[in-house]
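In our numbering, the protein residues as written are 3 to 245. Glycine included, every Cβ here is placed at the ideal spot set by N, Cα and C. Here the structure is a predicted model, which means the values were calculated and not measured. Working notes, beginning with the structure itself.
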Amino acid sequence: MRAMLAVARREFAAYFATPVATVFIVIFLVMSGTLTFTVGGFFARGQADLLPFFNFVPWLFLFLVPALTMRLWAEERRLGTVELLLTLPITTGQAVVGKFLAAWAFCAVALALTFPLVITVNYLGEPDNGVILTGYLGCLMVAGAYLAVGAAISAMTRNQVIAFVLAVAGCFLFAAAGSTIVTEFLSTNLPWLAEVARGLSVAERFAGFARGVIAARDVIFFASFIAVWLLLNAAILEHRKAD
3 MRAMLAVARR EFAAYFATPV ATVFIVIFLV MSGTLTFTVG GFFARGQADL
53 LPFFNFVPWL FLFLVPALTM RLWAEERRLG TVELLLTLPI TTGQAVVGKF
103 LAAWAFCAVA LALTFPLVIT VNYLGEPDNG VILTGYLGCL MVAGAYLAVG
153 AAISAMTRNQ VIAFVLAVAG CFLFAAAGST IVTEFLSTNL PWLAEVARGL
203 SVAERFAGFA RGVIAARDVI FFASFIAVWL LLNAAILEHR KAD
């Protein structure tokens, strides 16, 4: 545990040593506020809740999270520091989890900074803050899922741009898998695949959290999803190390 936390602290500090942290947080806050109050029709709905915000989070993270993960391993490989990291008295799995936890903590900070939205809805009405808290937990689960995918893809290449593009594409597949267009098309042509797509849809699993429902199957899905991609990340690094 100490080794993982050491890696996590190192990586977390690295975000704030560059403009990455500021750019990510500013873009996320501006976009989340703009989409919630304009496109989301916050005032037109006449309800004091954060459902408009939660509706956009999986799609906001779709681009912003890969911007975080593209450097996790691609930059280490480009600079040749990944070999140094993996020769330290830590396992590959500890390094993978440590970097993941740092990125996840960073996303948690970004989400926490949206507290003015919570204050706003409480000022305008009497929302169910339990539902809001559950929605934020779901946002954190979505961020973790995308981070795990992006980190594994980052380990495959030295080029950060390629890592970003592939991570966006990969996350998009899991975000859009449960959309009406995809499921209707699959239901017509490959009915069995439509159910698989719904089951693997991150946005579909998040919908329950946004409504204030914490279902065991959704929690298990996110935990398993993250674990599988982190294992894949470690396997890729082990393979590269063997080369």
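Using only the alpha-carbon positions, how far apart do residue i and residue j sit?
| i | j | result |
| --- | --- | --- |
| V167 | F108 | 21 Å |
| L7 | E206 | 32 Å |
| I238 | V151 | 12 Å |
| N161 | A154 | 13 Å |
| P193 | A212 | 28 Å |
| R11 | F102 | 11 Å |
| Y138 | V163 | 29 Å |
| V123 | V41 | 17 Å |
| T20 | F174 | 27 Å |
| N235 | Y17 | 20 Å |
| E240 | G132 | 42 Å |
| P60 | T24 | 20 Å |
| D130 | I92 | 44 Å |
| A218 | G172 | 25 Å |
| M3 | V22 | 27 Å |
| A15 | N191 | 49 Å |
| A246 | Y125 | Absent from the model: residue 246. The displayed extent of the chain is 3 to 245, so no value can be given. |
Would a C-beta distance cut-off of 8 Å place residue i and residue j closer than the cut-off?
| i | j | result |
| --- | --- | --- |
| M72 | A169 | yes |
| G100 | V9 | yes |
| V215 | A177 | no |
| I31 | T116 | Checking the sequence, you will find Leu at residue 31 rather than Ile. Yes, Cβ-Cβ distance for L31 and T116 is below 8 Å. |
| F26 | L70 | yes |
| G140 | I228 | no |
| A104 | E13 | yes |
| A199 | A179 | yes |
Going by C-alpha to C-alpha distance, which of the options sits closest to residue i?
| i | options | result |
| --- | --- | --- |
| V111 | S203, V28, T20 | V28 |
| I134 | V41, A50, L239 | A50 |
| T36 | R219, N235, L62 | L62 |
| A5 | Q96, G48, L74, E197 | Q96 |
| R47 | G127, A19, R11 | G127 |
| P68 | N235, A165, N191 | A165 |
| T136 | D220, A19, F18 | D220 |
| M158 | L74, T182, P129, A114 | L74 |
| S181 | A218, T24, L202 | L202 |
| L113 | L66, W231, L232, S156 | L66 |
| F230 | I92, V98, A218 | One point to set straight first is that residue 230 is Val, not Phe, in the sequence displayed. For the residues I92, V98, A218, the minimum Cα distance to V230 belongs to V98. |
What residues in its chain sit with their C-beta under 8 Å from that of residue i, if we drop five residues either side in the sequence?
| i | result |
| --- | --- |
| T38 | F44, L52, P54, F55, F58, L119 |
| W106 | L142, A145, G146, L149 |
| I121 | none |
Taking Cβ positions only, does residue i come closer than 8 Å to chain B?
| i | result |
| --- | --- |
| R4 | The chain labelled as chain B is not found in the depicted structure, where only one protein chain is given. |
Beta-carbon within less than 7 Å of residue i's beta-carbon, same chain only, minus the 5 sequence neighbours each way: which residues are those?
| i | result |
| --- | --- |
| A196 | T185, L188, S189 |
| F223 | R207 |
| L232 | V98, V99, F102, A150 |
Exercise. Output the residue ranges of the alpha helix (DSSP H) runs that lie fully inside the region 116-166 and measure 4 residues or longer, sorted by chain position.
Key: 117-126, 131-156
Quiz item: Which whole runs of the alpha helix (DSSP H) in the region 27-80 are 4 residues long or more, in chain order?
Solution: 44-47, 53-71
Quiz item: If you scan the region 162-237 from start to end, which runs of the alpha helix (DSSP H) of 4 or more residues do you find wholly inside it?
Solution: List check, alpha helix (DSSP H) in window: 162-178, 182-191, 193-202, 204-212.
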